[in-house]
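Residue numbers (UniProt numbering): 1 to 531.
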């Protein structure tokens with residue numbers, strides 16, 4: 001180890017894990033309850049590791065997720081003199097030149113920061129988030145130690161093995177983000193801009209003149225917690241209206257904005273003057289348009305009860321860790337589908353369904369990107385909140401019309417034909433089927449992993465390559481023809497675009513084009529004399 005502090009910390013980490021059941025290395029600690037206790041005892045860095053793991057339902061079983069969600073990092077407040085020093089160092093002036101009053105006792109204390117209330121010179125009530133002195137150095141030291149011992153440590157719940165090194169890198173990035181309060185201030189500004197035309201959504205004002213990487217000064221929001229049902233009723237709020245607006249806006253954050261509040265628990269959402277006010281933007285998620293469209297396809301598959309759409313959208317969303325057995329994946333997704341085949345969409349349990357989907361991904365060598373798991377955790381949190389506010393509303397009642405509307409809006413008739421070719425495996429509800437082997441061939445080809453075994457004699461190398469070139473060209477041409485036929489069938493079935501004698505013009509043109517290309521391909525094969 002580089003120094004005595006790191007050696008001491010290593011001994012402390014090992015001692016704590018031994019105390020909580022470690023016998024043959026950290027990987028032998030498989031009781032999620034004991035792991036949580038060890039994380040809490042080891043302090044903020046390990047609490048943050050557990051909080052990161054609590055968002056990874058794609059790699060951890062449910063019992064671990066539930067246990068890690070209980071992690072607490074509430075600690076004693078920082079002495080006022082320390083807080084005052086941080087504020088004055090960052091503002092470059094005495095604290096009483098900025099604040100008319102400043103409450104010495106913190107409103108909230110966490111491992112990385114403390115939150116105080118105050119009043120600015122102009123009378124504005126504010127909250128001041130102040131980074132604890134020395135916390136960055138402490139957490140960076142822990143990360144350095146963890147990197148050195150990570151090659152010996154794996155968390156092994158049941159048959160799954162989690163590479164701790166990946167978690168450590170994610171931890172390092174998360175800490176660097178959360179310890180720069182300018183990033184949180186920027187998150188608030190982005191959220192406000194995205195929702196400026198939504199009358200029912202709001203967020204705190206940021207006082208940029210008093211905000212630095214270690215201090216964040218925001219408007220104090222006087223509101224009622226969104227799950228304080230009795231208080232909201234006493235104030236005359238319509239809980240049904242609030243629940244629908246909350247769900248609709250969260251879907252908008254994800255699928256329209258691609259920028260969402262990733263920690264929407266009741267403590268971070270208040271009701272003020274009829275508006276839903278989000279606070280605490282230390283944790284946000286970003287989803288690019290491509291990923292949003294893929295996830296919309298998955299939800300559309302759920303809404304339309306189409307197993308093929310669900311399966312292939314999952315394959316497009318996920319990261320392939322190893323060879324995927326398409327038949328097995330289809331079977332697993334179909335099993336999930338069969339669970340809900342007799343269930344009304346409004347009665348589908350979204351958290352339970354997503355847990356089953358994540359389990360299917362784990363079993364089939366598909367890793368779900370972190371931003372998607374973060375998004376799902378947010379959706380599940382919102383679903384639970386909506387159910388608490390308005391038990392009569394299932395979030396699927398909001399999701400289905402929203403998803404269908406988004407699917408319609410993202411469709412561009414001019415590009416419909418090409419899009420159907422690109423997504424050839426997203427079959428229609430009419431029952432049009434592509435043989436599983438062809439689906440696997442198309443998927444492998446698109447992934448760039450198609451291999452052709454060919455033995456060539458040294459003296460016939462050039463001719464061999466010519467033959468290979470012809471073979472690949474014909475194979476590619478054949479796949480294109482097959483794709484056009486299937487795409488045309490989907491378009492005809494969907495009844496999209498202009499019509500010719502009641503048949504979709506795009507579909508008819510596709511059939512005609514595929515027929516001409518097929519005849520030409522057959523002619524070229526017959527002409528070559530090689531079938």
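Backbone N, C-alpha and C define an ideal beta-carbon position, used for all residues, glycine too.
In this text, all values refer to a predicted model and were calculated from it rather than measured experimentally.
Unbroken alpha helix (DSSP H) runs of length 4 or more, entirely within the segment 195-274: which are they? Within the segment 195-274, the runs of alpha helix (DSSP H) that reach at least 4 residues and sit entirely inside it are, in chain order, 229-234, 239-252.
Does DSSP classify residue 102 as helix, strand or coil? Correct three-state label for residue 102: strand.
Based on DSSP bridge pairs, tell me the residues matched to residue 320. Residue 320 is bridged to 366.
Where residue 313 falls, given that 16 or more other Cβ within 10 Å makes a residue buried: Burial check for residue 313: the Cβ neighbour count within 10 Å reaches 16 or more, so the residue is buried.
Cα separation between residue 393 and residue 236? For residue 393 and residue 236, the gap between their C-alpha atoms comes out near 19 Å.
Is DSSP giving residue 179 helix, strand or coil here? Per DSSP, reduced to three states, the secondary structure at residue 179 is coil, with no helix or strand assignment.
Threshold first: 4 residues or longer. Then list the alpha helix (DSSP H) segments lying entirely within the segment 63-133, N to C. Fully enclosed alpha helix (DSSP H) runs of 4 or longer: 80-91.
Reduced DSSP category for residue 325 - H, G, I as helix; E, B as strand; rest coil: Coil.
Where residue 524 and residue 518 are concerned, what is the direct C-alpha to C-alpha distance, given to the nearest angstrom? One alpha carbon belongs to residue 524, the other to residue 518, and they sit about 10 Å apart.
Counted within 10 angstroms of its Cβ, other Cβ atoms place residue 4 as buried (16 or more) or exposed: By the 10 Å Cβ count, residue 4 comes out exposed.
Our contact map puts residue 50 next to residue 39 with C-beta atoms below 8 Å; I'd like the distance itself, whole angstroms only. Between residue 39 and residue 50 the Cβ distance is about 4 Å, and since that is below 8 Å, they are a contact.
Please tell me whether residue 131 and residue 214 are closer than 9 Å, where the distance is taken between their beta carbons. Residue 214 is positioned such that its CB atom lies closer than 9 Å to that of residue 131.
What is the rounded straight-line gap between the Cα of residue 56 and the Cα of residue 109? Rounded to the nearest angstrom, the two C-alpha atoms are 26 Å apart.
Does DSSP put residue 359 in a helix, in a strand, or in coil? DSSP, read as helix, strand or coil, puts residue 359 in helix.
With a threshold of 6 Å on Cβ separation, who are the neighbours of residue 332 within its own chain once the five nearest residues in sequence on each side are excluded? Scanning its chain for C-beta atoms nearer than 6 Å, with the 5 sequence neighbours on each side dropped, one finds around residue 332 the residues 360, in chain order.
Under 6 Å Cβ to Cβ from residue 97, same chain only, skipping five residues before and after it: list those, please. No residues qualify anywhere along the chain.
Thinking just about the alpha-carbon of each residue, which of 318, 285, 272, 222 is nearest to the one in residue 200? Nearest to residue 200 by C-alpha distance, out of 318, 285, 272, 222, is 272.
Beta-carbon proximity of residue 259 to residue 286, cut-off 9 Å: Yes, they are a contact pair.
Inter-residue spacing [alpha-carbon to alpha-carbon] between residue 68 and residue 19: Between residue 68 and residue 19, the alpha-carbon positions lie close to 19 Å from each other.
For residue 21, the first and last residue of its enclosing beta strand (DSSP E): Neither: residue 21 is in no beta strand (DSSP E) and is coded neither H nor E.
Counting beta carbon pairs with one atom in the segment 203-220 and one in the segment 285-299, are three or more of them shorter than 8 Å? They do not touch, by the three-pair rule.
Got a sec, what are the start and stop residues for the alpha helix (DSSP H) residue 285 sits in? Per DSSP, residue 285 is not a residue of any alpha helix (DSSP H); the beta strand (DSSP E) it occupies stretches across 284-286.
Thinking residue 351 and residue 380 are a contact (beta carbons under 8 Å), I'd like their distance in whole angstroms, please. Indeed they touch by this definition, with Cβ atoms about 5 Å apart.
Near residue 63, what residues of its chain come up, given a Cβ to Cβ distance below 6 Å and the 5 sequence neighbours on each side ignored? Residues 32 of the same chain have their beta carbon placed closer than 6 Å to that of residue 63, with the five preceding and five following residues left out of the count.
With DSSP as the reference, please indicate the residues paired to residue 278 in a beta bridge. Per DSSP, 269.
Specify whether the segment 366-374 and the segment 310-326 touch according to this definition: at least 3 beta carbon pairs, one from each stretch, less than 8 Å apart. Yes, the segment 366-374 touches the segment 310-326.
Of all the options 295, 322, 321, which has the alpha carbon lying nearest to the alpha carbon of residue 309? Looking at 295, 322, 321, the one whose alpha-carbon comes closest to that of residue 309 is 295.
Could you pull the start and end residues of the alpha helix (DSSP H) that residue 293 belongs to? Here the alpha helix (DSSP H) through residue 293 covers 289-304.
Following the continuous alpha helix (DSSP H) through residue 53, name the residue where it begins and the one where it ends. For residue 53, the enclosing alpha helix (DSSP H) begins and ends at 44-53.
Does DSSP classify residue 338 as helix, strand or coil? Helix at residue 338.
If you pair each beta-carbon of the segment 85-103 with each one of the segment 118-134, do three or more pairs fall below 8 Å? By the criterion of at least three beta-carbon pairs nearer than 8 Å, the segment 85-103 is in contact with the segment 118-134.
Give the secondary structure of residue 57 by DSSP, where H, G and I count as helix, E and B as strand, and everything else as coil. Secondary structure at residue 57: coil, using DSSP grouped into helix, strand and coil.
Below 6 Å CB to CB, which residues in the same chain sit around residue 322 once its five sequence neighbours on both sides are set aside? Within the same chain, residue 322 has close Cβ partners 365.
Go ahead and pull the three-state DSSP assignment for residue 348. Here residue 348 sits in coil by DSSP.
Looking at the structure shown, is residue 391 part of a helix, part of a strand, or coil, going by DSSP? In this structure, DSSP gives residue 391 a state outside helix and strand, which the three-state scheme calls coil.
Can you give the Cα-Cα distance for residue 126 and residue 118, rounded to whole angstroms? The straight-line gap from Cα to Cα measures roughly 5 Å.
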